[in-house]
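**Student:** Sharing a structure below in structure tokens format, with a few things to ask.
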Amino acid sequence: MTLRIRQPQVTDTNGNALGTRLIRIEFDEQGPTTVMHDGQRYDFTGKTGTHLKTGLAVREMATACDARLWISLDGEHLWED
Numbered sequence: 001m002t003l004r005i006r007q008p009q010v011t012d013t014n015g016n017a018l019g020t021r022l023i024r025i026e027f028d029e030q031g032p033t034t035v036m037h038d039g040q041r042y043d044f045t046g047k048t049g050t051h052l053k054t055g056l057a058v059r060e061m062a063t064a065c066d067a068r069l070w071i072s073l074d075g076e077h078l079w080e081d
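Numbering of the sequence shown is given in UniProt numbering, commencing with residue 1 and proceeding in unit increments.
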């Protein structure tokens, strides 16, 4: 695992750009496994996909209370769900 600090572009559920946020990300060989965002821990759910507007490969992350987000594999883009 590799721990990195990133400042991704964040987009809310309505598609509004929220600017950048400072987050912590743990990566494995394929991409993010854990994200610390807005004081919450998000873990990889096992779901992967492609963001339709950007074409970027993404991973779904979720908290223990089922809040969800999608993040690009490089950690540079984050979409709140």
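For each residue, glycine too, the CB sits at the ideal point set by N, CA and C.
The model shown is predicted, which means the values in this text are computed figures rather than measured ones.
Ignore the nearest five residues each way along the sequence and tell me which others in residue 70's own chain have a CB closer than 8 Å to its CB.
**Tutor:** Locating residue 70 in the sequence shown gives position 70, where the first residue counts as 1. Same-chain partners within the cutoff: 49, 51, 58, 59, 60, 61, 78, 79, 81.
**Student:** Helix, strand or coil, according to DSSP, for residue 114 in the structure here?
**Tutor:** For the chain, the structure presents residues 1 to 81; residue 114 sits outside this window and is missing.
**Student:** Give the straight-line distance between the Cα atoms of residue 54 and residue 72, rounded to the nearest whole angstrom.
**Tutor:** The residue given as residue 54 occupies position 54 in the sequence shown. The residue given as residue 72 occupies position 72 in the sequence shown. When rounded, the distance between both Cα atoms is 10 Å.
**Student:** Using the Cβ count rule (16 or more neighbours within 10 Å means buried), how would you classify residue 15?
**Tutor:** In the sequence shown, residue 15 corresponds to position 15, counting from 1. By the neighbour-count rule (16 or more Cβ atoms within 10 Å), residue 15 is not buried but exposed.
**Student:** Is residue 162 helix, strand or coil when you go by DSSP?
**Tutor:** Outside the modelled stretch of the chain, which goes from 1 to 81, sits residue 162, for which no answer is possible.
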